[in-house]
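What follows is a short report on a single structure.
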Amino acid sequence: MTVKLQMTSSIRFRQLATFIVAFIVAFLGSSALRFGLSERTVQSIAGAEAAAGTTSRPVSAADAKRSEVLVKKGVEMRLVGKDLQAVPVFREAHELDPNGRTAGQLGLCLQAVGRWADAERHLSESLENRENPWVEKNRMVLHDALETVKSHVARVEVSGQPEGASISVNGVVYGELPLAEAIAVNEGVADILASKEGFAPLVRSFTLKGGQYQRVGVALQPLVDLSTNATAASVQKAETSTGLQATAAPQDEKGSVFASPWLWAGVGAVVVGGVVAGLLLSGGTESAPPIHGGKDFPGSM
């Protein structure tokens, strides 16, 4: 029962990885370049294998027979140059009957199409099986292939914060921080994505050489809740408006300076005084009508 559960978990993991890949390709489309993901990366996402290895399990006679048929089919495809098409054939054969031979054939095929990191894992798995006659017969070939593959594989050690952030390289999710070990990747451009809910994602790209060991530190920044900020700003604005009204109220209660009776009494006294002074200066009589040319103003007669 435990073995069956392990097998089911492995299959579901691959299905989940495939679903994520399909979602990224369908949702991002051409805008994948906006995140630094090249066309090469998107294609590798679609064909890359999950990071988990294959768990040993009892194999039924039917599965073993089907696996044998698939191995022969894959070999025939490779003989006519269909290496890329043979990859899923060998992969299915290895899933049905995970042994040294199927691992080796899959590793050699992955080497042929330049999937160095995946090839390294499967070739290493094959060479660890010392009880398989096919492996012992082809050990030198497998060993040489592994050495060639390793020269094209770089390793990336990712560390940082926050704990639980998901780490993916070229679209393949390898786990969450803190990672247990460095990630084996193909030489070339490595697009490293760190993400976690509530934090701004971080993408970093490196051009790696075969055999290179690259350390990468990440520090995700929390996202700002815009709705909370907007609410706080509205409350502050309301409080400010209320404060202005409260300040103006005492002025209305006391009355403005222009409504003061003492002010208008003073103004009246000044006006009356000015009129009296004018009358005194003019001798108390009105001024004579204007004279033009020695005659009275026309119309005065």
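If you use the numbering used here, the sequence shown closes out at 302, no skipped numbers anywhere. The C-beta atom is built at its ideal place from N, Cα and C for all residues, glycine as well.
query	result
Going by other Cβ atoms of all chains shown within 10 Å of its Cβ, with 16 needed for buried, is HIS144 buried or exposed?	exposed
Just how far apart, CA to CA, sit SER68 and LEU221?	45 Å
Once you ignore the five residues that flank LEU147 on each side, which residues in its own chain have a CB closer than 6 Å to its CB?	LEU124
My understanding is that VAL72 touches ALA94, with C-beta atoms under 8 Å, so please give their C-beta distance in whole angstroms.	5 Å
Does the CB of ARG216 have a neighbour CB from chain B at under 8 Å?	The structure shown has no chain B; it contains just one protein chain.
Run through the DSSP bridge pairs and tell me what GLN215 is partnered with.	VAL157
On the DSSP bridge list, what partners appear for GLN162?	ALA220
Please go through the same chain and pick out, in chain order, the residues whose beta-carbon is closer than 6 Å to the beta-carbon of ILE184, but skip the five residues on each side of it.	VAL157, VAL170 and TYR175
So, helix, strand or coil for THR55, using DSSP?	Confidence at THR55 is low in this model, with a pLDDT of 44, below 50, so its placement is unreliable and no value can be given for it.
Tell me which residues share the same chain as GLU188 and place their Cβ nearer than 8 Å to its Cβ, disregarding the 5 neighbours each side in the sequence.	TRP117, HIS153, VAL154, ALA155, LEU209, LYS210, GLY211 and GLN213
For ALA195 and PRO202, which I take to be in contact (beta-carbon distance under 8 Å), what is that distance rounded to the nearest angstrom?	7 Å
Residues bridged to GLY176 by DSSP?	ILE168
Quick one: what's THR208 bridged to in DSSP?	VAL190
Going by the DSSP bridge assignment, what does ALA201 pair with across the sheet?	ALA201 is not bridged to any residue.
To the nearest angstrom, how far is it from the Cα of PHE91 to the Cα of ILE168?	28 Å
Would you please state the rounded distance, in angstroms, between the beta carbons of LEU178 and GLU164? I believe it to be under 8 Å.	6 Å
Could you give the residue range of the alpha helix (DSSP H) that holds ARG79?	62-80
If you follow the alpha helix (DSSP H) that GLU132 is in, where does it begin and where does it stop?	Looking at the DSSP string, GLU132 is not in any alpha helix (DSSP H), and its letter there is neither H nor E.
Which partner residues does SER309 have in the DSSP bridge list?	This structure leaves residue 309 out entirely; the chain is present only between 2 and 302.
Excluding five sequence neighbours on each side, which residues of the same chain lie with their C-beta closer than 6 Å to the C-beta of GLN162?	ALA220
Could you check the C-alpha separation between PRO134 and VAL159 for me, to the nearest Å?	39 Å
Could you give the DSSP three-state label for ALA118: helix, strand or coil?	helix
Alpha carbons only, please: which of VAL217, GLY105 and ALA65 is nearest the one belonging to ASP119?	GLY105
Return yes when the Cβ of VAL88 is within less than 8 Å of the Cβ of LEU109, no when it is not.	no
Which residues in the same chain as LYS151 place their Cβ atom closer than 7 Å to its Cβ, once the five residues preceding and following it in sequence are excluded?	GLU121
Please classify VAL225: does DSSP put it in a helix, a strand, or coil?	coil
My output table needs one value for ALA185: the three-state DSSP class, helix, strand or coil.	strand
Is the separation between the beta-carbon of VAL136 and that of ARG102 shorter than 8 Å?	yes
Between the alpha carbons of ARG15 and GLU96, how many angstroms are there, rounded?	In this predicted model, ARG15 has a pLDDT of only 46, less than 50, meaning its place in the structure is not dependable; the value taken from the coordinates is given anyway. Rounded to the nearest angstrom, the two C-alpha atoms are 11 Å apart.
Looking at the unbroken alpha helix (DSSP H) that takes in ASP84, where does it start and where does it end?	84-97
Where does VAL81 land, buried or exposed, given buried means 16+ other C-beta within 10 angstroms?	exposed
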